[in-house]
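Remarks on the structure that follows.
Chains as they are written, first to last, in full-length UniProt numbering: chain A, 1 to 344; chain B, 1 to 354.
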């Protein structure tokens, strides 16, 4: 008896419609045609955390995840988006190449971070290039990608539905609610995991950004401290930001607005003349390490596999596809364990 | 004790209001308005922004790959780059239409480093990964250069000049004599493609170009391809501007037509889409054709043209081919230096008189 017949209509639910949720859902539905996949969430684009993010691909290093795995996450995400950037789909998917500079006030301990081999053309800035930033002693130049979720998420949704995925708008309060209707639960609920699965390690890091009209800005500029950055996008430039740990406020703070404009104009004086289009606040779903792992949970008397993919902090867009693939692997493992072994 | 000549005023007539004419007027004013007093500068042209050749050009600073021994031109190009770069610290740069942009020069085979490698920022060879993005190209360079959009820069220059009393006359000048007779002391010939009408120059020929302007704001890098069998700019290029992206790659020597050709349009569009697949969905907004004033080298020199008893002092500054915006400041400064020679000779400057 073939495996596909045994596997037919395994019901998978993906909770969360941000970049992690949709990337994961697309990976699953495209790889496992014998599963029925439903994406369920309270908020959809343009109201997710992903929508406001600039979406520049850039990584941090997490302390407890093997470096090799982190490299895979970054590389898989980068290669996936690069292929889109080079294709006809690029504008419809909201993906573009972006070159620029990351500058440091003090020379950092690690001059070539682990992701430098995966971006394009990574090198240290020349003296002449650094002259433009007199407060900064060191800099890196490279080309990376930008993925604008307000465009990318609808594109992913199209792709998800085309492959047979179902989308349901519903706030999930606990996993029990899902166990009747689904065989595998994939949790991509970001900051919501704090309540949904009771993860006390998840906390918000508040970020405020401005979107300005400055079409003459063609390069990204990022201060190595991660708090001041200028990211030119398709139709606007995102400037920011703030990193306020444990801060749950979603309202715009005028003091932050002032701070952002001051810091960014110092790096790029022409921004003084830019028209502000809008302001936005997002809560990065932060955690010491992203949680990409599976477990089996007893729900309403059944043992249900739950695969987690959340806690990406400010690196959601950067790691979405890579962690989605990783999650797909974990879903496959769960399926393997669920399936009755063929009798000889 | 320094004494001034009693006839210390001078009238300078500039022919041409493209980037060469306007920037030359600027350099002359900058260096001599306090030395020659009063210094009257007038600009005569039949075309003003946005209808000049400079306006139609993509506005990208990059000389031809190789200067063929014209080291003077390489020097003027670098001078222009450094001059424009210095404005980036100031918000004025937006009013001037200047901004940084990085990109790719692509070749089908390995080639020697270009003449401008030390002028631009962060010049380096392309990595294998980058070449994979551009199938069909085996070699190339990446660097950060400047954009200088004519449609913004020229109005800025005109305003700069107007504020300082420079007058503009919408008139086609038919001869140097015509201007000399009205009392011009020095004529600066910046008439570009049409210099031949003022004085025959068999070395000056049109290098016809055509471009498309498309709406593709997701593109942030310029891409210039080079085909050494076809010659400069006869190969696709994509240059994102302030609001629109310029697509091009036509350089037809000897073709005087300023009409858009649908054959060229189709070729430019198809080749650009091949080079950059994401363009497929870009909206085409405009077409434009222009004539690059091509010459074996830039004509930047003085000439005393005899008409009757007194010579007409002419400074020629034309023949900048496809690199007018790229070289304009270096040439303008040189023209101002030549003007200075004339000022000295006429005894108009501060000079001790015995």
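From the three backbone atoms N, C-alpha and C, an ideal C-beta is built for every residue, glycine too. For clarity, every value in this text was computed on a predicted model and none was experimentally measured.
*Does the Cβ-Cβ distance between residue 282 of chain B and residue 180 of chain B come in under 7 Å?*
No, the pair does not count as a contact, with Cβ atoms beyond the cut-off.
*Residue ranges of each alpha helix (DSSP H) run of no fewer than 4 residues wholly in the segment 249–337 of chain B, ordered along the chain?*
When DSSP assignments are scanned along the segment 249–337 of chain B, the uninterrupted stretches of alpha helix (DSSP H) that are 4 or more residues long and fall wholly within it turn out to be 262–275.
*Let me know if residue 134 of chain A comes out buried or exposed under the rule of 16 or more other beta-carbons within 10 Å of its beta-carbon.*
By the Cβ-count criterion, residue 134 of chain A is exposed, with fewer than 16 other Cβ atoms from all chains shown falling within 10 Å of its own Cβ.
*Just reading off the beta strand (DSSP E) that residue 36 of chain A is part of, what are its end residues?*
35–41 is the extent of the beta strand (DSSP E) around residue 36 of chain A.
*Drop a sphere of 10 angstroms on the beta-carbon of residue 286 of chain A, count the other beta-carbons inside from all chains shown, and report buried for 16 or more, exposed for fewer.*
Burial state of residue 286 of chain A is buried, judged by a 10 Å Cβ sphere holding 16 or more other Cβ atoms.
*asked:* So if I threshold CB-CB distances at 7 Å, which residues from the segment 134–152 of chain A count as touching chain B?
replied: Residues passing the 7 Å Cβ filter: 141.
*Beta carbon proximity, residue 117 of chain A to chain B, threshold 7 Å*: So no, residue 117 of chain A is outside the interface.
*Exposed unless 16 or more other CB atoms sit within 10 angstroms - verdict on residue 160 of chain A*: The residue is buried, with at least 16 neighbouring Cβ atoms inside 10 Å.
*asked:* I believe residue 18 of chain A touches residue 233 of chain A by the beta-carbon criterion, under 8 Å. Please report the beta-carbon distance rounded to the nearest angstrom.
replied: About 18 Å; that fails the 8 Å criterion.
*Kindly list the residues whose CB is nearer than 6 Å to the CB of residue 272 of chain A, restricted to its own chain and excluding five residues on each side of it in sequence; keep chain order.*
Counting only Cβ-Cβ distances below 6 Å, and skipping sequence neighbours, we find 265.
_alpha helix (DSSP H) runs contained entirely in the segment 176–231 of chain B, provided each spans 4 or more residues_ = Assignment of alpha helix (DSSP H) within the segment 176–231 of chain B, counting only whole runs of 4 or more residues, yields 176–181, 195–198 in chain order.
_Going by DSSP, what residue range makes up the alpha helix (DSSP H) through residue 92 of chain B?_
Here the alpha helix (DSSP H) through residue 92 of chain B covers 92–96.
*asked:* Once the 5 residues before and after residue 183 of chain A are set aside, which same chain residues still bring their CB inside 6 Å of it?
replied: Cβ neighbours of residue 183 of chain A beyond the five flanking positions: 10, 11.
*asked:* Looking at the secondary structure, which residues open and close the beta strand (DSSP E) in which residue 158 of chain B lies?
replied: Boundaries around residue 158 of chain B are those of the alpha helix (DSSP H), 150–163, since no beta strand (DSSP E) includes it.
*Name the DSSP bridge partner or partners of residue 85 of chain A?*
Looking at the DSSP assignment, residue 85 of chain A forms no beta bridge with any residue, so it has no partner.
_Check whether residue 78 of chain A and residue 57 of chain A have beta carbons under 7 Å apart_ = Yes.
_Does any residue of chain B have a CB that is nearer than 7 Å to the CB of residue 272 of chain A?_
In terms of beta-carbon proximity, residue 272 of chain A lines the interface with chain B, with at least one pair separated by less than 7 Å.
_Residue environment, residue 96 of chain B, which counts as buried when at least 16 other CB atoms sit within 10 Å_ = Result: buried.
_Minimum Cβ-Cβ distance from residue 164 of chain A to chain B less than 7 Å_ = Cβ-Cβ to chain B under 7 Å: no for residue 164 of chain A.
_Against chain A, which members of the segment 101–130 of chain B pass a CB distance test of less than 7 Å?_
Per Cβ criterion, the list reads 101, 102, 121, 122, 124, 127, 129, 130.
*Environment of residue 1 of chain B [buried if 16+ CB atoms lie within 10 Å]*: With a pLDDT of only 47 at residue 1 of chain B, under 50, the local geometry of the prediction cannot be trusted, and the value read off the model is given with reservation. Taking all protein chains in view, the Cβ of residue 1 of chain B is surrounded by fewer than 16 other Cβ atoms within 10 Å, so the residue is classified as exposed.
*Given that a residue counts as buried once 16 or more other Cβ atoms are within 10 Å of its Cβ, and exposed if not, what is residue 18 of chain B?*
With a 10 Å radius around the Cβ and a threshold of 16 neighbouring Cβ atoms, residue 18 of chain B comes out buried.
_For residue 81 of chain B and residue 326 of chain B, what's the separation of their Cα atoms in angstroms?_
In this model, residue 81 of chain B and residue 326 of chain B are separated by some 7 Å (Cα to Cα).
*asked:* By the 8 Å beta-carbon criterion, what residues does the segment 237–253 of chain B contribute toward chain A?
replied: Along the segment 237–253 of chain B, going in chain order, the ones with a CB nearer than 8 Å to a CB of chain A are 240, 242, 243.
*Please list, in chain order, all residues of the same chain as residue 300 of chain B whose beta carbon is under 6 Å from its beta carbon, the five residues on each side excluded.*
Counting only Cβ-Cβ distances below 6 Å, and skipping sequence neighbours, we find 317, 331, 334.
*Report yes if the CB atom of residue 118 of chain A is closer than 7 Å to the CB atom of residue 74 of chain A, and no otherwise.*
A contact, by the Cβ cut-off of 7 Å.
_Partner residues on chain A for residue 142 of chain B, Cβ-Cβ distance less than 7 Å_ = Within chain A, the residues placing a beta-carbon under 7 Å from that of residue 142 of chain B are 121, ordered along the chain.
*Excluding the 5 residues preceding and the 5 following residue 284 of chain B in the sequence, name in chain order all residues of the same chain whose CB lies nearer than 6 Å to its CB.*
Once the five neighbours on either side are set aside, the close Cβ partners of residue 284 of chain B are 212, 214.
*Quick one: Cα of residue 1 of chain A to Cα of residue 179 of chain A, how far?*
Because the pLDDT at residue 1 of chain A is just 41, under 50, the model does not fix this residue reliably, and the value given afterwards should be weighed accordingly. Roughly 28 Å between the two C-alpha positions.
*Where do the N-terminal and C-terminal ends of the alpha helix (DSSP H) with residue 143 of chain A fall, by residue?*
Annotation for residue 143 of chain A: no alpha helix (DSSP H) segment contains it, though the beta strand (DSSP E) segment containing it runs 138–147.
*Cutoff 8 Å; reference residue 354 of chain B; Cβ partners in own chain excluding five residues on either side*: Legend: pLDDT at residue 354 of chain B = 41, less than 50; position of this residue unreliable, value from coordinates given subsequently. Nothing meets the Cβ criterion.
*If we ignore side chains and look at the alpha-carbon of each, how far apart do residue 246 of chain B and residue 284 of chain A end up?*
Straight-line measurement puts the Cα of residue 284 of chain A at about 39 Å from the Cα of residue 246 of chain B.
_Between residue 29 of chain A and residue 163 of chain A, how many whole angstroms is the CB-CB distance? I'm expecting something under 8 Å._
Right, their Cβ atoms sit about 4 Å apart.
*Extent of the continuous beta strand (DSSP E) to which residue 211 of chain A belongs*: For residue 211 of chain A, the enclosing beta strand (DSSP E) begins and ends at 203–213.
*Taking residue 99 of chain B as the query, report the chain A residues whose CB atoms sit under 8 Å from its CB, ordered along the chain.*
Here the neighbours are 216, 217, 218, 270.
*Identify whether residue 77 of chain B lies in helix, strand or coil by the three-state DSSP scheme.*
For residue 77 of chain B, the secondary structure class from DSSP, reduced to helix, strand or coil, is helix.
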